[in-house]
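Visitor: To start, I am sharing the structure in question, which I have written as structure tokens.
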Amino acid sequence: MNTGSLLGKIAKHRHLKFAPVRPVLWSGIQPYSTESKPPTAVVLTNMGGPKTLDDVQGFLLNLFSDRDIMQFPMQSMAAKFIATRRTPQIKEQYDAIGGGSPILYWTRKQGEAMEKILDEISPETAPHKHYIAFRYVEPFTKTALEEMKADKVKRAILFSQYPQYSCSTTGSSINELHRRIIELGMDKDIEWSIIDRWPTHPGFIKTTAHKIEQKLAEYSEEERKDAVIMFSAHSLPMSVVNRGDPYPAEVAATVDRVMERLGNRYPHRLCWQSQVGPKAWLGPQTSDAIKGFAKRGLKNIVVVPIAFTSDHIETLFELDREYAEEAKELGITGWKRVDALNDDPLFTDAMAHIVKDHIDQGQIVSRQWSLRCPGCKFDTCGHSREFFTKALQ
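Take 5 as the starting number for the sequence shown in the working numbering and just add one per residue.
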């Protein structure tokens, strides 16, 4: 990638980033009329991201305070220390991509498009309304529940925006939802069901394969012959994997289906990014894979963010800046990053059909989610499963 194209890509990202940085008034969302049929709620859960640089420290504090993903002595004090220490570096990264995360902007766009399609393909459960429940920034899960209460919601579907399940992502969001439902006294108000994973849904696979094909088409015919597809997903500590977390297997299942859709015409590898700290994590790390491919003289690499549904810090900074610059320095001249799903019509249509399929199946929770990891040590996981599966008993 030459300097001009790199600057162009950064400029493009800065343009995308301005929209989500605008103030969002949570209380300004208009509730449905009490005289009309209450909406079927589709609650989009994700970790979220800081909207502005001032939000970075709070985001990190909430992340490191989450006892559903990590537990250590004096966690409250330690979380403040770690968040304070890491804030300057993380602020620089967000500043480089426009001053904040676009994840709220894209989630809103996705939700708006999804609910319109749902109203058409599932009129019996219409109207549908999306709510956003982020784990570490506003709109928090509690905010979403308060909006739903104002709308007099009676039927709600939690729709995880992590295609592949992990206890540290979707699991944490579900546990938080359970806690806030109890805290707000809403445990008897709403009939809940959960879409906790969808790693091989045909619509998701179709959209991802299509985006890869679009990026491959940017190569010449000769360059495509030597192209390698490198799937990159957020890594996990091996301590989590060894408890029995299904995430690595589900990411691999996604990759397998995508390559099958592409006719297995290209060599590929699954790599893992965003490792933090000295402990063992899933490998190979994306950075190490880039170095290895460069040593073998490979020039054309298509990197695919396979576990993310929208652009955020890990695509816009890690993949587009850190890894792209590293690849260039190592002589990989044909580095290309597949576009995130964002509000691609193929993907928002897939989202709607994932929800429609869930409604038609009449399933409250998946068989997989009802099974705790064999090495699980967190009581909250048991409590949330007991709550959401009580309707099955």
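Glycine residues also receive a C-beta, built at the ideal position from the N, C-alpha and C atoms.
Quantities reported herein were computed from a predicted structural model and do not represent experimental measurements.
If you measure between the beta carbons of Val342 and Leu122, is that distance less than 8 Å?
Guide: Against the sequence shown, residue 342 aligns to sequence position 338. Against the sequence shown, residue 122 aligns to sequence position 118. No, the Cβ-Cβ distance between Val342 and Leu122 is not below 8 Å.
Visitor: Let's see if you can read the secondary structure: which residues bound the beta strand (DSSP E) around Gly338?
Guide: The sequence position of residue 338 within the sequence shown is 334, counting from 1. It spans Gly338 to Arg341 - the beta strand (DSSP E) in which Gly338 sits, taken as one unbroken run.
Visitor: To the nearest angstrom, how far is it from the Cα of Pro288 to the Cα of His357?
Guide: Along the sequence shown, one-based indexing puts residue 288 at 284. Along the sequence shown, one-based indexing puts residue 357 at 353. Cα to Cα, Pro288 sits roughly 34 Å from His357.
Visitor: Apart from the five residues just before and just after Trp285, which ones in its own chain have a Cβ nearer than 8 Å to its Cβ?
Guide: What you label residue 285 is simply residue 281 of the sequence shown in a count that begins at 1. If we look at Trp285 and ignore the five residues flanking it on each side, its Cβ neighbours are Ser239, Leu240, Pro241, Met242, Trp276 and Gln279.
Visitor: For a quick check, are the C-beta atoms of Gly102 and Leu57 less than 8 Å apart?
Guide: As a working note, residue 102 is residue 98 in the sequence shown. As a working note, residue 57 is residue 53 in the sequence shown. No, they are not a contact pair.
Visitor: Of all the options Ile368, Ile363 and Asn346, which has the alpha carbon lying nearest to the alpha carbon of Glu128?
Guide: As a first step, residue 128 must be located in the sequence shown, where it is residue number 124. For Glu128, the nearest C-alpha among the options comes from Ile363.
Visitor: Could you name the residues that DSSP lists as bridge partners for Ile305?
Guide: To locate residue 305, count along the sequence shown from 1; it is residue 301. Answer is Val232 and Trp339.
Visitor: Under 8 Å, with one C-beta from each stretch per pair, do the stretch 222-239 and the stretch 300-313 reach the 3-pair mark?
Guide: Touching, yes.
Visitor: Apart from the five residues on each side of it in sequence, which residues of its chain come closer than 7 Å, Cβ to Cβ, to Ala117?
Guide: Against the sequence shown, residue 117 aligns to sequence position 113. Cβ within range, chain order: Asp347 and Thr352.
Visitor: Grab me the residues of Leu302's own chain with a C-beta within less than 8 Å of its C-beta, minus the 5 sequence neighbours each way, in chain order.
Guide: Looking up residue 302 in the sequence shown gives position 298. Closer than 8 Å at Cβ, skipping near neighbours: Asp230, Val232 and Ile336.
Visitor: Quick check: the Cα distance between Pro271 and Arg159, rounded to an integer number of angstroms?
Guide: The count along the sequence shown starts at 1 and reaches residue 271 at position 267. The count along the sequence shown starts at 1 and reaches residue 159 at position 155. When rounded, the distance between both Cα atoms is 45 Å.
Visitor: Among residues of its own chain, excluding the 5 on either side of Asp200, which ones have a beta-carbon nearer than 6 Å to its beta-carbon?
Guide: For the purposes of this step, residue 200 is taken as the residue at position 196 of the sequence shown. Result list for Asp200: Ser164, Tyr169, Thr174, Ser370 and Trp373, in chain order.
Visitor: Figure out for me which residue from Ser176, Lys156, Glu330 and Ile125 has the closest Cα to the Cα of Ser69.
Guide: Here residue 69 refers to the residue found at position 65 when the sequence shown is read from its first residue. Selected option, being the one with the closest Cα: Ser176.
Visitor: When the Cα atoms are used, what is the spatial distance from Gly296 to Lys340?
Guide: By 1-based counting over the sequence shown, the position of residue 296 is 292. By 1-based counting over the sequence shown, the position of residue 340 is 336. Each residue's alpha carbon lies about 17 Å from the other.
Visitor: Find out if the Cβ-Cβ distance for the pair Ile317, Tyr109 is shorter than 8 Å.
Guide: Counted from its first residue, the sequence shown places residue 317 at position 313. Counted from its first residue, the sequence shown places residue 109 at position 105. No, the pair does not count as a contact, with Cβ atoms beyond the cut-off.
Visitor: Suppose you measure from the CA of His214 to the CA of Ser172; what does that come to, to the nearest Å?
Guide: Locating residue 214 in the sequence shown gives position 210, counting from the first residue. Locating residue 172 in the sequence shown gives position 168, counting from the first residue. If I take the Cα positions, the gap works out to 29 Å.
Visitor: At which residue ranges does the stretch 330-396 contain complete alpha helix (DSSP H) runs of 4 or more residues, listed in the order of the chain?
Guide: Counting whole runs of 4 or more residues, the stretch 330-396 contains the alpha helix (DSSP H) stretches 349-365 and 383-392.
Visitor: Assuming Asn66 is part of the alpha helix (DSSP H), what are its boundary residues?
Guide: The count along the sequence shown starts at 1 and reaches residue 66 at position 62. Run containing Asn66: Val60 to Phe68, per the alpha helix (DSSP H) assignment.
Visitor: Apart from the five residues on each side of it in sequence, which residues of its chain come closer than 8 Å, Cβ to Cβ, to Glu187?
Guide: Translated into the one-based positions of the sequence shown, residue 187 becomes position 183. Lys146, listed in sequence order.
Visitor: Relative to the C-alpha of Leu64, which residue among Arg139, Phe392, Gly366 and Gly281 is closest?
Guide: Mapped onto the sequence shown, residue 64 falls at position 60. Looking at the Cα atoms, Arg139 is the closest of the given residues.
Visitor: Could you check where the beta strand (DSSP E) with Ile161 kicks off and where it finishes?
Guide: Taking the sequence shown and counting its residues from 1, one reaches residue 161 at position 157. Residues Arg159 to Ser164.
Visitor: The beta strand (DSSP E) that contains Arg273, what's its start and end?
Guide: Position 269 of the sequence shown, counted from the first residue, corresponds to residue 273. Arg273 -> beta strand (DSSP E) spans His272 to Gln277.
Visitor: Write down every uninterrupted run of the alpha helix (DSSP H) in the stretch 113-174 whose length is 4 residues or greater and which is fully enclosed by it, in chain order.
Guide: Listed in chain order, they are 145-154.
Visitor: Candidates Glu326, Ala257 and Thr211: which alpha carbon is nearest Thr313's?
Guide: Position 309 of the sequence shown, counted from the start, is the residue given in the question as residue 313. Checking every option, the nearest Cα to that of Thr313 belongs to Thr211.
Visitor: Residue ranges of each beta strand (DSSP E) run of no fewer than 3 residues wholly in the stretch 242-297, ordered along the chain?
Guide: Complete beta strand (DSSP E) runs here, min 3: 272-277.
Visitor: For Asp196, write down the residues that DSSP places opposite it in a beta bridge.
Guide: Position 192 of the sequence shown, counting from 1, holds the residue named residue 196. Correcting the residue identity first, residue 196 is Trp in this sequence and not Asp. The partner list for Trp196 (beta bridge, DSSP) reads Ala160.
Visitor: For a quick check, are the C-beta atoms of Glu254 and Pro203 less than 8 Å apart?
Guide: By one-based count along the sequence shown, residue 254 stands at place 250. By one-based count along the sequence shown, residue 203 stands at place 199. Yes; because the gap between Cβ atoms is below 8 Å, this pair is in contact.
Visitor: When we look at the beta-carbon of Asp383 and count the other beta-carbons within 10 Å, is it buried (16 or more) or exposed?
Guide: For the purposes of this step, residue 383 is taken as the residue at position 379 of the sequence shown. Exposed: under 16 other Cβ atoms inside 10 Å.
Visitor: Roughly how many angstroms separate the alpha carbons of Pro35 and Trp196, rounded to a whole number?
Guide: Counting from one through the sequence shown, the residue named residue 35 turns up at place 31. Counting from one through the sequence shown, the residue named residue 196 turns up at place 192. With a pLDDT of 46 at Pro35, under the threshold of 50, the predicted position of this residue should be treated as unreliable, and no value is reported.
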